[in-house]
Amino acid sequence: MAQPQQNITLSAPGYFGLNLEDAPIDLDQRYALQADNAVIDSFGRLGARKGFASLLASSPYADGQALSFGRVTDNGTVRYLAGVYVPSLDENQIWEIQNLSTTATATAIPLPAAYTLSTANVQILDFADNGIIVGGGEMLILDNGSLNVVSDGPIILPQDDTGTILATLDFTTAAAAYGRIWATGGTGGDETIYYSSLLNPYQWYDGKAVPTSNFNTGGIIDVNEAWPLGRDRIVGIAGHNNNLVVFGRNSILVYGNPQGDPAAVGGIYLADTIKNIGLVDRDARVSDGRDLLFVDDTGVRSLGRTVQEQSAQIGDLTRTVRTQIQQAIKSSLIAGGVELAFEPTNSLLLVILRGSNDVWVCDTRMPMQDGSFRITRWPGAPIASAFYDDVSEKLLLGCASTTPIAEYAGNQDFGGQSFNFQYVSPVLSFGDPVRTKFLKQIDYTVVSGLTGATCEGSWEYIGTRAYEKTKFFTLDGGDANFYDTDAKYGTASYGTGPNVIKTYRLNADASGENVIVKFRATINNSICSLQQMNIQALLGRIN
Amino acid sequence: MAGFWESIAPGVAGAGAAYMGYDMAKKLGQTGEDAAAQMGALAGQLQEDTAFKGYGVTTGLGTSTVNADGSTNLGVGQDQGFANASGSMLGMAGQAAQNAMMDTGAREQEIYNRAMAMQNPMLDSQQAAQQANEYAMGRGGVRGSQFGGTAEDAAMARARAQASNEASFSAMGQAQNEMMNQGQLSSMFGQQAGDMYGQSFMPMQQQMAMMGLGQGNAGMAQSGQFTGAGYAAQLGLGGMQSQINAEKAATELYGNMFGSIMNNASDIGAGMDSAYDTISNQSWWPF
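Which chain is which? The protein sequence lines are A and Y, in order.
For the first sequence, the positions run 1 to 543 when our numbering is used.
For the second sequence, the positions run 1 to 287 when our numbering is used.
Following this line, the structure appears as structure tokens:
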């Protein structure tokens, strides 16, 4: 006797993003086991990411690789800077990006005489109407378009009556916050924070009985005795929620009230310590405006804003991919480091795994009930750094190869290259894992302007009878303002403009206890989102 | 015409008288010479008798002698005990004076160190409590240019500095007082050294005083000596004068006698002439 055909609808498949942690069977069907080159689009659908479009119309060296970005105000002039490695010269340079909002070009800013930038992965700080560059050797200052070594200026190096404490300002990590530069690393050690005088990058700690300048409020914070784990090293510093957050590798120190003179009565104080959680890399932190997001060994975490409670809340934002991202982070730290970038226009949080050509993407619009983000992944993305400019609303991408600087725009990579958008559903049991399922039909409802693009629809049985089959179908994005209820291939189509929602029906076969459904589209100059999937199956006997 | 004898006799008598006179004069001269010799001897004797023989004074302090040539040996020197004590005291005075003139810096530092050593345990305790409180407040490790450390550190540092300043000023005052004391000690020691040095000459002064007494006694002895010598001289001179006078008288007597003889010789000659004549007139006289 024929069994009634059952239908399972996966509305907004992958809307919850990846979940590789929970048991795959009977996982919420809105999760995905794979969401490559995908984002959660503005309608809450899993869709293909935008492309990586080359940004620069001209650049000093075509083989340059931007590893860091910064927007600074130099004596009233806004400048966009990039730390660029030029392989053909085996040289690190600082480029200025002009006309970012229109036709962007880049020029190299001459480095000070006899100065060698040790790395292009620098920190570019906007501080006191100047640009400050940290991490490439001695601290540089951008003043009226020229780069100078800070200590060549009217410098007061960290000193006391015994002499100069720190002769070289070769910090490796810093933050510009609360009117000061807070810096550490290099010769000064990674357990001591040197903070500048207020809005003055030239004046640092002066502990002499008769200070060189009476206006100097620079100072030092020795965090050696503050670590909750006995010993740690500072990896990053950030201002957040009127606190100065000091990220150790395995612990976090939260200093309160960094405003004013930190050393004065009622000044800065250690408000909280967090242990067994830290920052993996200097640039693996960013603020999304609500929380301070950072990457530790277990994934992306958040340091929440707290007003009434003293302790900062810690969120585990990549809980659903914890094991996978943990391994990816570990590999990337060996290969080149980790960077976190926030793109508010599309609410994207990029976990850039340098050297691995791997980017994990968190959708920050609406966290899940457990506070975690919806996560997708951009495997193979050659991105080393990212920077969002809120004026031009462009997400600049420093690329490890191909082009010095790209932007997150369009629907092709690097001027014409296509990329694959892929979705894999959770293991579907139709609510009855013990019965055999006979898939009859799979309907993919796709939003796309792609015409003629070949897509792959796959189904795979998981269990005692492993079976996988892929069918191909061609997308028909239709014409602009196209509307038709009598569609080709027995499909209905509707929509406006080049992006058309269409349903593509595939006949399925074979049987098994549990099934995974897949979708893959080659993105080439058009959007593509997966709006819905209907899977029709017959339920068989109990195995 | 006078006879031969008469003529000769006076001559012979005169010759005899001249001879005798010569002999007398010679004797008188000899007597004078003898007197002169005796006077010389007397003078020598007197010189010897009246010569300064020197004298000596012997006391419990020592024996002083004044030699015949007037050279004086007091025979008593400085009191070495006092002299040595004076020297020692002078040395102490010099040391104290040197101390008084020294730079007070080193001593100030020493006093300061001791003062701070007394205060440091308390200050350290306060600082430890302050630092503990600082860390409890989450303020540990913070150092600012305006305060050197934190403002709390600066307060503690001010307390330390205040204690240090007080100790420093106290050390300066104390050191200066000590220097003044050293100056006063130097003066006192110097005074005592002078006194002791003076005291060291006291035996000599006392011996000299005794020599004064001895000098009186020696004067008395010499007066007796002079008196005896005077007497001896007078007696000697008197004796010689008497001898001379006697010689003179004898001489004059002889002179007178020879004059008489001479006068008598003429008569004798005349007699002899007469005798001669008588005789020569005799037959037998062969002539």
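Note that the Cβ used here is the ideal one computed from N, Cα and C, for glycine as well.
For F169/Y, the uninterrupted alpha helix (DSSP H) run begins and ends at 151-200, by DSSP. For a cut-off of 8 Å, the C-beta gap from R319/A to E21/A is around 7 Å, short enough to register as a contact. In this structure, the CA atom of G230/A is about 11 Å from the CA atom of V223/A. When only Cα atoms are considered, S331/A and A117/Y end up about 59 Å apart. Secondary structure in the stretch 111-140 of chain A: the beta strand (DSSP E) runs of 3 residues or longer, each lying completely within the stretch, are 123-127, 130-134 in chain order. Residues A104, I405, A406, E407 of the same chain have their beta carbon placed closer than 6 Å to that of L55/A, with the five preceding and five following residues left out of the count. For A151/Y, the neighbours in chain A by C-beta distance under 9 Å run, in chain order, D261, A263, A264, V265, G266, G267.
Of the residues assessed, S59/A falls on the buried side of the cut-off, its CB having 16 or more other CB atoms within 10 angstroms. Look at N241/A: its C-beta is not under 8 Å from any C-beta on chain Y.
In the three-state DSSP reduction, V321/A falls in the helix class (H, G or I). Around the beta carbon of W227/A, 16 or more other beta carbons lie within 10 angstroms, which makes this residue buried. With respect to chain A, the C-beta atom of Q146/Y has a partner C-beta closer than 8 Å. Judged by pairs of C-beta atoms under 8 Å, the stretch 151-162 of chain A does not touch the stretch 101-115 of chain Y, as fewer than three such pairs exist.
Between A43/Y and A35/Y, the alpha-carbon positions lie close to 11 Å from each other.
At a beta-carbon threshold of 9 Å, the residues of chain A lying near M137/Y are Y269, L270, ordered along the chain. Note on G216/Y: under 16 other CB atoms within 10 angstroms of its CB, so exposed under the neighbour-count rule.
By the C-beta criterion, the stretch 124-143 of chain Y is judged not to be in contact with the stretch 173-189 of chain Y, since fewer than 3 inter-stretch pairs fall below 8 Å. Counting C-beta pairs with one atom in each stretch, the stretch 55-65 of chain Y and the stretch 148-168 of chain Y have fewer than three that are closer than 8 Å, which means they do not touch. By alpha-carbon distance to D390/A, the top candidate from T162/A, V72/A, N524/A is V72/A.
Under a criterion of Cβ atoms nearer than 9 Å, the residues of chain A adjacent to R143/Y are, in order, D160, Y205, G207, G219, I220, I221, D222, A263.
In the three-state reduction of the DSSP assignment, F414/A falls in the coil class. Taking C-beta separations shorter than 7 Å and ignoring five residues to either side along the sequence, the partners of S196/A in its chain run R180, I181, Q203, W204, G218, following chain order. Around the beta carbon of A238/A, 16 or more other beta carbons lie within 10 angstroms, which makes this residue buried. In this structure G230/Y is exposed. Its beta-carbon is surrounded by fewer than 16 other beta-carbon atoms within 10 angstroms.
Rounded to whole angstroms, R114/Y and D296/A show a C-alpha spacing of 55 Å. Excluding sequence positions up to five before and after G14/A, its CB lies within less than 6 Å of the CB of A32, A35, L46, Y423, all in the same chain and listed in chain order. In this structure, A66/A lies away from A53/A, with their beta-carbon atoms at least 8 Å apart. For A226/A, a Cβ of chain Y is located within less than 8 Å of the residue's own Cβ. Relative to R139/Y, the option among A284/A, D443/A, G256/A, S425/A whose CA is nearest is G256/A. Taking a 10 Å sphere around the C-beta of E343/A, we find 16 or more other C-beta atoms and assign the residue as buried. Boundaries of the beta strand (DSSP E) harbouring L396/A: 394-399, taken from the DSSP string. In the DSSP secondary-structure assignment, I234/A is bridged to G248/A.
The CB of N200/A never comes closer than 7 Å to any CB in chain Y; the least such distance is about 11 Å.
L235/Y is bridged by DSSP to nothing; it lacks a bridge partner. Here E191/A is buried. Its C-beta has 16 or more other C-beta atoms within 10 Å.
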